[in-house]
Amino acid sequence: MIVIKLVSGMKISDIYKEKKKTLSFEIFPPKKDSDLKNIDETLSVLCELKPDFISVTFGAGGSLNNSRTVEIAKKIKNDYGVEPVVHLTCLNYDKAQIDEFAKVLESEGIENVLALRGDRVPDITPKEDFRYSSDLISYMKKDHDFCYLGACYPECHPESNGMVDEMRHLKTKVDAGAEILLSQLFFDNELYFKFNENCKIAGLNVPVVPGIMPVINASQIKRMVSLCGASFPVKFRKIIDRYEDNKQALFDAGMSYALSQIIDLLVRDIEGIHLYTMNNPAVARRICEGIRNIV
Ligand code: FAD
């Protein structure tokens, strides 16, 4: 393993200013201790593909037992020389807990935070300090010089009252200090293009980066879609119906579908692609091979 120590970090907003198109990955911390050792294997492949950054998800539970998110972000930065983005949710935390977490991030030289509200967790009563992600950004920005990213939803957030409200709230989030928006997964590019156009009309002058999740597991994707409400285009549904019991065929078809989405996005001047890797290096590798010569 090549060990590269980053002297200082880089703000993701600077990467978007410098590069015309970025490629970033999302990973999640393994739940079981036994899977923790696999993360090095995953990271070594992902980092060889030279992403512009890797974001690490954060559990939305009530205790701040998210040390693995920080541990993995540190690894990405210090052992692999890639810029990490730490996800952080706020609904179940109070100001003191957020301050404590921000201090940990600062002491580790982490420069980038994806500020989220988080989903409601059964049996946990939300704390009252933060209702929305924009509250978190406004609060943290006063004392902490991170680059803040935010989430966005091309097909509206499941709790949304519609696109007009969604745009108004996104504008609040950007005005609070979100410099980049990373999108929820979607399978119909036209919905993303329309959403991106709405963002521009609403005066959101920040990158609205599409999030792409290649399908390699039918039940996983059905579960994800039922949670986030993304629509299934007919062409995509046919792939799943046809190959859901044939792992290898579903992998090939899912990769082809994701690549065709990505190429369609890249030719239309979007600022970058955020790939939901599902911690699967083969997925990231295949996507990178597929766009090797595409700029
Ligand atoms: P908000 O931006 O707060 O929006 C939530 C809803 O409230 C929206 O409908 C919005 O329109 C509405 N709203 C916002 N402001 C106002 C206002 N002022 N008044 C009224 N309504 C308002 N979850 C995790 O637990 N961990 C993760 O690591 C994680 N990573 C994610 C990464 C990405 C790229 C995405 C897209 C989502 C991620 N999530 C994660 C899921 C996310 O936490 C949920 O979707 C959550 O329900 C909403 O979070 P948010 O930050 O988008 O919320």
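For the sequence shown, this note's numbering gives the first residue as 615, with consecutive numbering after it.
Every residue, glycine too, gets a C-beta built ideally from N, C-alpha and C.
These figures come from a predicted structure and were not determined experimentally.
Member of the options whose CA lies at the smallest distance from the CA of residue i
i, options, result
"Asn726", "Gly673, Ser748, Ser669 and Leu705", "Ser669"
"Asp749", "Gly764, Ile738, Glu685 and Gly904", "Gly764"
"Val659", "Lys741, Ala896 and Cys813", "Ala896"
"Ser721", "Asn907, Lys688, Val822 and Lys635", "Lys688"
"Phe642", "Leu657, Met624 and Cys842", "Leu657"
"Tyr746", "Asp759, Gly695, Ile876 and Cys766", "Cys766"
"Glu793", "Leu637, Gly673, Phe760 and Tyr806", "Phe760"
"Arg731", "Gly623, Phe672 and Lys836", "Phe672"
First and last residue of the uninterrupted alpha helix (DSSP H) at residue i
i, result
"Ser658", "Asn652 to Glu662"
"Thr636", "Thr636 -> not in any alpha helix (DSSP H); beta strand (DSSP E) instead, spanning Thr636 to Ile641."
"Val684", "Ser681 to Asn692"
"Gly868", "Lys861 to Leu880"
"Asp855", "Val848 to Tyr857"
"Phe744", "Phe744 -> no alpha helix (DSSP H), and no H or E assigned at all."
"Met838", "Ala832 to Cys842"
Own chain partners of residue i with C-beta closer than 8 Å, once the 5 adjacent residues on each side are dropped
i, result
"Pro644", "Leu650, Asn652, Ile653, Arg682 and Asn893"
"Glu632", "none"
"Lys635", "Leu880, Ile884, Glu885, Gly886, Ile887 and Val909"
"Leu784", "Gly764, Cys766, Leu795, Cys813, Ala816 and Leu818"
Opening and closing residue of the beta strand (DSSP E) in which residue i lies
i, result
"Ser669", "Phe667 to Val670"
"Ile887", "Gly886 to Tyr890"
"Gly825", "Val822 to Ile826"
Residues that DSSP places opposite residue i in a beta bridge
i, result
"His701", "Leu728"
"Tyr806", "Tyr806 pairs with nothing; no bridge assigned."
"Ser797", "Cys766"
"Ala792", "Tyr762"
7 Å Cβ shell around residue i - same chain, five flanking residues per side excluded
i, result
"Leu879", "Asn803, Pro824 and Ile887"
"Ala867", "Ile853 and Tyr857"
"Ala832", "Ile854, Glu858 and Leu864"
"Ile815", "none"
"Phe800", "Pro768, Glu769, Tyr806 and Ala844"
"Ile616", "Since pLDDT at Ile616 reaches only 49, below the 50 mark, its modelled position is unreliable, and the value read off the structure follows with that caveat. Here the set comprises nothing."
Close-in-space but distant-in-sequence residues of the same chain around residue i (CB under 6 Å, 5 per side omitted)
i, result
"Asp628", "none"
"Phe809", "Pro768"
"Ile830", "Phe865 and Gly868"
is_contact[residue i, chain D] using C-beta, thresh 8 Å
i, result
"Gln711", "The structure shown contains no chain D, having only a single protein chain."
Counting pairs of Cβ atoms below 8 Å between the stretch 656 to 673 and the stretch 842 to 860, do you hit three or more?
no
Does the stretch 770 to 789 come close enough to the stretch 738 to 745 that 3 or more CB-CB pairs lie under 8 Å?
no
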